[in-house]
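Numbered continuously in the numbering used here, the sequence shown closes out at residue 112. C-beta atoms are modelled at their ideal positions from N, C-alpha and C, and glycine is treated no differently. Computed from a prediction, not measured in an experiment: that's the story for all the values here.
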Amino acid sequence: MPKIVVLPHSELCPDGAVLEAHEGETILDVALRNGIDVEHACEKSCACTTCHCVVREGFDSLEPSDELEDDMLDKAWGLEPESRLSCQARVEQEDLVVEFPKYTVNLASERH
1 MPKIVVLPHS ELCPDGAVLE AHEGETILDV ALRNGIDVEH ACEKSCACTT
51 CHCVVREGFD SLEPSDELED DMLDKAWGLE PESRLSCQAR VEQEDLVVEF
101 PKYTVNLASE RH
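Next up, the structure:
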């Protein structure tokens, strides 16, 4: 079973976490299932950037992003070459190390 290492984030996961994932599950779904309240204002429909993450290790194991995700990522705060929308990036067999940026482009939180 692949693992996702979530790097420490002052609000979402201050101590970081190691999460077990199922192949085919999105990074966002794994985080939410484990109590990490990653914002997802568009309800996982690839229509915002609030769930933006940077895949620090294991990026190449993910299926490539599609054009819609790439267009949304262009609007993300702190975009990096290994950025993905966590609602779209599906875990494969390889472990991942993921960092959620400190900020999003949202002016107000949509906490669920």
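{"Item": "Ordered along the chain, which non-local residues of its own chain (more than five positions away) have a Cβ less than 8 angstroms from that of threonine 185?", "Value": "Any answer about residue 185 is impossible in this case: the structure gives the chain only from 1 up to 112."}
{"Item": "Only counting runs of 4 or more residues, tell me where the alpha helix (DSSP H) segments fall wholly within the region 21-107, in order along the chain.", "Value": "27-33, 67-73"}
{"Item": "Are at least three pairs of beta-carbons, each pair with one atom in the region 91-102 and one in the region 52-60, less than 8 angstroms apart?", "Value": "yes"}
{"Item": "Does leucine 7 come out as helix, strand or coil in the three-state DSSP assignment?", "Value": "coil"}
{"Item": "Please state whether DSSP places leucine 19 in a helix, a strand or coil.", "Value": "strand"}
{"Item": "Let me make sure I understand the geometry here. Which of Arg33, Asn34, Ala31, Ile27 has the alpha-carbon closest to that of glutamate 63?", "Value": "Ile27"}
{"Item": "Whose C-beta lies closer than 7 angstroms to the C-beta of aspartate 15 among residues of the same chain, with five residues either side of it excluded?", "Value": "Pro8"}
{"Item": "For a test of the three-state rule: what should DSSP assign to histidine 112, helix, strand or coil?", "Value": "With a pLDDT of 46 at histidine 112, under the threshold of 50, the modelled position of this residue cannot be trusted; read the value that follows with caution. Coil, per DSSP."}
{"Item": "Exposed or buried, glutamate 39, counting other C-beta atoms within 10 Å across all chains shown (16 or more means buried)?", "Value": "buried"}
{"Item": "Does the Cβ of valine 91 have 16 or more other Cβ atoms within 10 Å, making it buried, or fewer, making it exposed?", "Value": "buried"}
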